[in-house]
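Take a look at the structure set out below.
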Amino acid sequence: MLISLQNECGTVSLAKEYDGFQLEGELCKSYCLKKQVVSFIWAVCRSIIPQDLLGTTSNWRILRKHISRFVHLRRFERFSLKQCMHKLKISGFPLLSNKHSSCNSGNHVMRQAKGQSANTYDGWSSISFSSDTMKHKVLESWIFWFFSSLVVPLVQANFYVTESEHGKQEVFYYRKSIWEKLMSRAITCLKNQSYCLLDGESLRKIIGKRSFGFSRVRFRPKENGVRALANLKASSRIPAKQPSFRVQSCGLQGKVSLHPKSVKYDNFRSVNGVLRDLHVVLKGIQLKEPEKLGSSVFDYNDVFRKLHPFLSVLKSRSGTMPGVFIVVSDVSKAFDSINQDKLLTVMKDVALKDGYLLKKSHQVVCAEKSLWVHQNLILGHQDISTGLSNLTSAIPAHSRHSILVDQEWSRTIRKEEIHFYLREHVKGNVLQVDKKFYLQSVGIPQGSVLSSLLCSLYYGHLDKNVIFPFLEKSCGSAAAEDLSGRPNRHDCFSALDSGEDEIMSSAPKYMLLRFIDDLLFISTSKKQAASFFSRLQRGFREYNCYMNQEKFGLNFDIEQISGDTRKRVYVVEDGNSFLRWSGLFINCCTLEVQADYTRFPSLF
């Protein structure tokens, strides 16, 4: 089998020996092609399965085609038994042909026919029908076993199957030896950067004082390495510090043996489950006090709500789009570089109230063929002195054909509890890789229900205290226009309405949007855009925030940058130029927004 694996999947890139100087990105690209995986599986099947069980050559082609379809499945797609059986013919399997099956069915036929009249043609027809049905069921059982007990175990034993960031729902097949080398290098990088190894005593000390435990980690390939993904949705457990044991005596000497049923575990809730209440509080703050998130946007609807008014202002004076200068950038390792102490300080300015009221309701949804119940946890704000509460969360958007049931359940989460769980989540994030445990010392965990909000609040604080003042200063304190993405501020609109033409003609119009860690800056002033680009290049030491120098994008020339590779402008066949930003194409002249399908070259 190993020889077959080397023959079928031993491409040039896979045959390279791993050494300390080989780039991690090269290993990530050393996956097997799907046709190689199919060839390997089929070669093994032909070598261990008798030819009669695989059928005739026509059935061979069909079986191999079904294996290929199975291997080419995308993530979340299913492969049914009906698909496995498609176009397979019973007559193509010698063991199920009439010649071989007559011996098995002859006695059955005689028993069924004995004692009946000779002219019972219907009886013979039913016997023939039952024989065909039996053959079909036998074939179904065989094909089910073939895929579930042979094809799937072959894949599991020889390949690590995973999705990747650049392939979206496509799955990739890595030989186990290659994947182990990749994981070894990734774990070494984790320990060298922001994670420290924990012993058993340190682990118990950290998680023993809280209700949630640790998270298990898997790695997902990306273009130039791997990304660690923590599963914060699952509960966790560790063996009790002093497990009970049973003493079993053997002759004159007693030996201590640990019976599996006698091992006791300390069980912990999932991280996301414990942080759910805190997530509701932060979502409520996001809706009620959006200015605390700076230039943050969370989806394309947010982008539209902020970009559309800005474009209207740009076109309002002359009816045409003026020249605009665009800067696109990406925060390097946005989640993994966050200063934990700075984040906790920022959060003290976010959650200021002594307590937040949480209310629970249930939404019973009546679909066409099903009925399901969804639990809603919403935020109300409470007057601590009077105990009066008013809901601040809206009714769920998908409320058609549903019933809302007020459970009359509520609780107040105190500020001290909020900051305790925040501190434990940020400073005490424990990850399990294989059988070892690591503590994250820099950055915040990805995959948490709080990750996006914490990241946006952190960089929103940077926006308000550093970037916004810089932009206002760059366009002049007297005539500064603030269209920097901050909600509920429409200075540019009010200036237009008041007829302050002289101020408006001298002050540049600009806007800043940040989709988690992707920044988009648009200005009518080249000088301001160049100044902002230079400021981003320097980074922000207090926040440990630095830009990825390879992902800057500009639609104008500047002395610090030479060459089109750094400008990252994408020019289409008709001559229009675009900049990529957070899955979108931004037209460099008209600011038209399109979806960026160039991210999926294999699909489009």
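Under this note's numbering, the first residue of the sequence shown is numbered -13, with each subsequent residue one higher.
Idealized CB from N, CA, C, for every residue including glycine.
Since the structure is predicted, the reported quantities are computational estimates derived from the model, not experimental observations.
Rounded straight-line distance, which links the Cα of residue j to that of residue i
i, j, result
"Val579", "Phe586", "18 Å"
"Arg61", "Phe205", "16 Å"
"Ser622", "Asp392", "In this structure the chain extends from -13 to 590, so residue 622 is not present and cannot be described."
"Lys421", "Glu149", "23 Å"
"Ser568", "Phe501", "7 Å"
"Leu540", "Leu522", "13 Å"
"Leu595", "Tyr160", "For the chain, the structure presents residues -13 to 590; residue 595 sits outside this window and is missing."
"Lys339", "Lys162", "52 Å"
"Ala581", "Tyr286", "11 Å"
"Arg262", "Lys512", "45 Å"
"Phe454", "Ser460", "10 Å"
"Trp46", "Leu136", "16 Å"
"Phe406", "Asn451", "26 Å"
"Val124", "Ser438", "53 Å"
"Leu0", "Thr306", "Residue confidence for Leu0 is low, a pLDDT of 36 falling below 50, so the modelled location carries little weight and cannot support an answer."
"Tyr529", "Asp185", "30 Å"
"Ile572", "Leu408", "37 Å"
"Ser302", "Glu151", "41 Å"
"Phe48", "Met71", "The sequence given here places Ile at residue 48; Phe does not occur at that position. Taking the straight line from one Cα to the other gives about 9 Å."
"His122", "Ile27", "25 Å"
"Pro308", "Leu189", "59 Å"
"Phe518", "Lys334", "29 Å"
"Pro507", "Val350", "One detail in the question is off: residue 507 reads as Phe in this sequence, not Pro. Taking the straight line joining both Cα atoms gives about 44 Å."
"Arg64", "Val266", "35 Å"
"Leu297", "Leu577", "8 Å"
"Ser282", "His294", "16 Å"
"Ala214", "Glu126", "41 Å"
Beta-bridge partners of residue i, as assigned by DSSP
i, result
"Glu151", "Beta-bridge pairing links Glu151 to no other residue."
"His360", "Gln349"
"Phe564", "Tyr556, Asn573"
"Arg500", "Ser282, Leu505"
"Ala581", "Leu570"
"Phe538", "Answer by DSSP bridge pairing: none, since Phe538 is not bridged."
"Tyr146", "Tyr160"
"Phe591", "One cannot answer for residue 591 here, as it falls past the ends of the chain, which runs -13 to 590."
"Cys531", "Phe526"
Where the beta strand (DSSP E) through residue i begins and ends
i, result
"Val391", "388 to 400"
"Pro225", "222 to 225"
"Lys208", "201 to 208"
"Thr570", "Residue identity differs from the one stated: residue 570 is Leu in this sequence, not Thr. Residues 570 to 573."
"Leu183", "181 to 184"
"Lys422", "422 to 426"
"Val419", "416 to 419"
Range of the contiguous alpha helix (DSSP H) that encloses residue i
i, result
"Ser442", "437 to 448"
"Asn253", "Taken as a continuous stretch (DSSP letters only), Asn253 belongs to no alpha helix (DSSP H), being part of the beta strand (DSSP E) at 251 to 254."
"Asn258", "257 to 260"
"Gly211", "Segment 211 to 217 is the beta strand (DSSP E) holding Gly211; no alpha helix (DSSP H) there."
"Leu49", "43 to 57"
"Asp322", "Here Asp322 belongs to no alpha helix (DSSP H), and DSSP marks it neither H nor E."
"Ile312", "Taken as a continuous stretch (DSSP letters only), Ile312 belongs to no alpha helix (DSSP H), being part of the beta strand (DSSP E) at 311 to 316."
"Phe158", "Premise fails: Phe158 lies in the beta strand (DSSP E), 157 to 161, not in any alpha helix (DSSP H)."
"Ala337", "Taken as a continuous stretch (DSSP letters only), Ala337 belongs to no alpha helix (DSSP H), as it is neither H nor E."
Test item: CB-CB of residue i and residue j under 9 Å
i, j, result
"Asn258", "Ser222", "no"
"Val57", "Lys20", "yes"
"Ala216", "Gly433", "yes"
"Tyr496", "Ala516", "no"
"Thr510", "Phe200", "no"
"Leu343", "Leu365", "yes"
"Tyr583", "Tyr424", "no"
"Val412", "Gln326", "yes"
"Gly651", "Asp504", "The structure shown does not extend to residue 651, since the chain is modelled only from -13 to 590, so the question has no answer here."
"Ala320", "Leu268", "no"
"Gly414", "Ile192", "yes"
"Val147", "Phe158", "yes"
"Val203", "Gln418", "yes"
"Leu59", "Phe130", "no"
"Ser256", "Lys195", "no"
"Leu499", "Val289", "yes"
"Leu13", "Leu183", "no"
"Gln426", "Val435", "no"
"Gln555", "Cys531", "Residue identity differs from the one stated: residue 555 is Val in this sequence, not Gln. No, Cβ-Cβ distance for Val555 and Cys531 is not below 9 Å."
"Val317", "Met533", "yes"
Below-9 Å beta-carbon distance, residue i vs any chain C residue
i, result
"Leu417", "No chain C appears in this structure, which consists of one protein chain only."
| query | Per the contact definition of three or more C-beta pairs closer than 8 Å, is the region 443 to 462 in contact with the region 266 to 285? | reply | yes
| task | Could you say if the region 168 to 183 and the region 33 to 43 meet the contact criterion of at least three C-beta pairs nearer than 8 Å? | result | Flag = no, the region 168 to 183 and the region 33 to 43 do not touch.
| query | Would the region 76 to 83 and the region 36 to 50 be scored as touching if the rule is three or more Cβ pairs under 8 Å? | reply | Contact between the region 76 to 83 and the region 36 to 50 is present, because at least three Cβ pairs lie under 8 Å.
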